[in-house]
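Participant:
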Amino acid sequence: MMKHSLLAIAIATTPFMAQAEITKATLYPSHAELTWEEIEQVGSGAGTLEIGGLPVSLQDQSLQVVLEGIAGSQVRQVQVSRVEQAEFVAGETRRIRDELATVTLRIQEQEDSIRAWNQQVTLMSKAAESPHELSASELNDMAAALKDTTQSALSEIRAIRAKMTDDIALRDRLMRELAQVKQGAKATKKVLVRYQAPETGELQVKLRFQTTEASWRSEYNARLKTELEGESGGEVTLEHLAVVQQTTGTDWSGVELRLATANARRGTAMPPLYSWVVSPEPPQVYRSKSSASMADMQAESLMVSPAVVERQSAFTQSYWLPQPVDIPSGSSGQRLTVAEHQIPVEVATWTAPVMDTTGYLNATGIFLSDAPIPAGQVTLFRDGQSVGESQLQELADGEELTLGFGVDEGIRVAVVNELERTGEEGVWKSENVQRRQNRFEITNHHSKPVQVRIFDRLPVSQMDVLTVKPLEISEPVERDVDDKKGILAWNREVPAGQTVNVKSGFEVRVPEGTALPGL
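For reference, each letter of the sequence shown is one residue, going -20 to -1, 1 to 499 in mature numbering (1 follows the signal peptide of the UniProt record, and there is no 0).
1) Among Trp330, Arg489 and Pro429, whose alpha-carbon lies nearest the alpha-carbon of Thr344?
2) Would the stretch 165 to 183 count as touching the stretch 46 to 60 if we require 3 or more Cβ pairs under 8 Å?
3) I'd like to know whether the C-beta atoms of Asp363 and Thr206 end up nearer to each other than 8 Å.
4) Verify whether the separation of the beta carbon atoms of Arg419 and Val393 is less than 8 Å.
5) Residues bridged to Asn342 by DSSP?
6) According to DSSP, simplified to helix, strand and coil, what is Ser132?
7) Give me the Cα-Cα distance between Met277 and Ala81, rounded to the nearest whole angstrom.
8) State the DSSP-derived secondary structure class of Trp97, mapped to helix, strand or coil.
9) When DSSP labels each residue in this structure, what does Thr241 get in the three-state scheme?
10) Would you give the residue range spanned by the beta strand (DSSP E) that His220 belongs to?
11) When the Cα atoms are used, what is the spatial distance from Ala51 to Leu43?
12) Among all the DSSP beta bridges, which residues are the ones paired with Phe347?
13) Can you check whether the CB of Trp97 is closer than 8 Å to the CB of Ala133?
14) Check whether the stretch 411 to 427 touches the stretch 365 to 381, counting contact only when three or more Cβ pairs, one atom from each stretch, lie closer than 8 Å.
15) Between the Cα of Ala328 and those of Leu150, Gln99 and Arg472, spot the shortest distance and give me the residue it belongs to.
16) Would you identify the three-state DSSP class for Ile31, choosing helix, strand or coil?
17) Taking the C-alpha atoms as reference points, what is the distance between Trp300 and Gln184?
18) Starting from Ile2, trace the beta strand (DSSP E) both ways and give me its first and last residue.
19) So for Leu103, helix, strand or coil by DSSP?
20) Do you know offhand how far Ile76's Cα is from Glu157's?
21) What do you get for Val46, buried or exposed, if any count of 16 or more other CB atoms within 10 angstroms of its CB means buried?
22) On the criterion of 16 or more Cβ atoms from any shown chain inside 10 Å, does Pro35 qualify as buried, or is it exposed?
23) Using only the alpha-carbon positions, how far apart do Lys143 and Ser312 sit?
24) Asp231 and Ser349 - do their beta-carbons sit closer together than 8 Å?
25) Please check the pair His321 and Leu218, which I expect to be a contact at CB under 8 Å, by giving their CB distance rounded to whole angstroms.
26) Using beta-carbon positions only, say whether Thr6 and Val235 come within less than 8 Å of one another.
27) Please state whether DSSP places Ile137 in a helix, a strand or coil.
28) Got a sec? Which residues, its chain only, sit under 6 Å from Arg174 by beta carbon, not counting five neighbours each side?
29) When burial is assigned at 16 or more other CB atoms within 10 Å of the CB, is Leu399 buried or exposed?
30) Would you kindly work out how many angstroms separate the C-alpha atoms of Ser53 and Ala177, rounded to a whole number?
31) Tell me, please, which residues DSSP counts as bridged to Thr447.
32) Under 8 Å, with one C-beta from each stretch per pair, do the stretch 9 to 25 and the stretch 183 to 200 reach the 3-pair mark?
33) Along the beta strand (DSSP E) that carries Tyr175, what are the first and last residues, could you check?
34) Using a Cβ-Cβ cut-off of 8 Å, state whether Lys170 counts as contacting chain B.
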């Protein structure tokens, strides 16, 4: 009776060793929340479960342990410890070296066989050079024998070299693996769970924790169709991709993946607002949170089917990928399709002639979606051709999307300076005056009419002594475009093969003795 009791105590106090696998992952732009699951057959009473192979980046304070499968099971204690990989590295190194020794020996044996066959061919060749006194029939028999023997030897050499090719490739791969094991060795963490189970059965243990070794970011492909059959304007297909990356040291297989948009890197609260004290000295520069020092911030407290917007409130949302995914551990990102948006757009060629006479094709439309999309790099395609990359800003439902799709080679822009004059004016009150009048000539070399948007800017004075007055400005014109003072824009349709002109000019005055600004 006492023996059975002691055996039960020994079994209960011996930890069950388990190597859990990741089953769920919620990735954020800055970190990830992972769920590892393991099922063990346990007896009633107290017990210990040891789960190893967890990433060393496991944040201890975020660890949650959940027991399922046996009603009434309770977690008594959870202990997290770091495990160095010296033993693992030694074992892997020993295994790879044993395989390497075997394949190296095999290659040496193959090289010896090739040398032996080559020696036979050499001996046969020398024998043929001194046939002594042989009859014609004997010479024919000897030649046939030499031919058969030489062909057989050369065939054997080719077969051996073919086998050597595979063995040499295996040897090189083993040498690379050996180097990777030595260089890529990293520690892991181990979780010890002490539990109380009311009865015997299968106990499912779930570990939830956060790690900084997995994250995601948004990338986009924007494909512009400049012409739609039977419709005016064009269309942009905006493909939203998630670039998923994890370096936990363990490959993820068949993982249920969610992508959340909350970004811890952007902080948790607005920066503190201090009194604005002014003095004759240069004012103190107001720093945004993004430019604050680290000390200040610490003091503040693969392609799959498109994802589904699974959860959304007024402030957050996440995407759920309906199919399990495989994500290997490594530095290269895996690209997964999140969503695809079809956006009707107005297509026009934009140019700011005074700055650059190049015309750029732009597409402008209204973004409509159930959920906002994060900022990210966008690869641009115009009518099936790649035209470069740009940066897409964060977009919410109903906001305007504007993207440039490269140079419009069919539009030519010229700047004609009609007036450029600087000097003094006035009889009783002399002033320094500068006048400039430009004409912008927009020529369409396309076979169809093209919409163009021409930009210019007038000087803006911030001093009472400096006055600015517009000269001849072509109408109609938009003024203070995007609430930027002095910015002008003209929208014009240029017929095929024709030229459209717009004019823009200004006058600047300062009192005598005051220098004109450099314009």
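For glycine and all other residues, C-beta sits at the position ideal for the given N, C-alpha and C.
Facilitator: Let me spell this out:
1) If we check each option's Cα against that of Thr344, Trp330 comes out closest.
2) Yes: at least three Cβ pairs fall under 8 Å.
3) Yes, these two residues count as a Cβ contact at 8 Å.
4) No.
5) In DSSP, Asn342 forms a bridge with Ala328 and Gly384.
6) If DSSP states are grouped into helix, strand and coil, Ser132 belongs with the helices.
7) Low confidence applies here, because Met277 scores a pLDDT of 34, under 50, leaving its location unreliable and the question unanswered by this model.
8) Three-state result, Trp97: helix.
9) It is coil, neither helix nor strand.
10) DSSP places His220 in the uninterrupted beta strand (DSSP E) bounded by Gly214 to Gln226.
11) Rounded to the nearest whole angstrom, the C-alpha separation of Ala51 and Leu43 is 22 Å.
12) Phe347 pairs with nothing; no bridge assigned.
13) For Ala133 and Trp97, yes; Cβs fall inside 8 Å.
14) Flag = no, the stretch 411 to 427 and the stretch 365 to 381 do not touch.
15) Shortest Cα-Cα distance from Ala328 to any of Leu150, Gln99 and Arg472 involves Arg472.
16) Strand.
17) Trp300 and Gln184 have their C-alpha atoms spaced approximately 24 Å apart.
18) Per DSSP, Ile2 is one residue of the beta strand (DSSP E) stretching across Glu1 to Leu7.
19) In this structure, Leu103 counts as helix in the three-state DSSP scheme.
20) Rounded to whole angstroms, Ile76 and Glu157 show a C-alpha spacing of 8 Å.
21) Exposed, since its Cβ has fewer than 16 Cβ neighbours within 10 Å.
22) Around the C-beta of Pro35, 16 or more other C-beta atoms lie within 10 Å, and the residue is accordingly described as buried.
23) The straight-line gap from Cα to Cα measures roughly 34 Å.
24) Cβ atoms of Ser349 and Asp231: not closer than 8 Å.
25) Sure, about 4 Å apart at Cβ, within 8 Å.
26) Taking the C-beta atoms as reference points, Val235 is found no nearer than 8 Å to Thr6.
27) Note: Ile137 maps to helix in three-state DSSP.
28) So the qualifying residues of the chain are Thr28, Arg56 and Gln57.
29) Exposed.
30) Their Cα atoms are separated by approximately 5 Å.
31) BP columns for Thr447 point to Arg489.
32) Enough Cβ pairs lie closer than 8 Å, so yes.
33) Per DSSP, Tyr175 is one residue of the beta strand (DSSP E) stretching across Thr168 to Ala177.
34) Protein chains in the displayed structure number just one, and chain B is not present.
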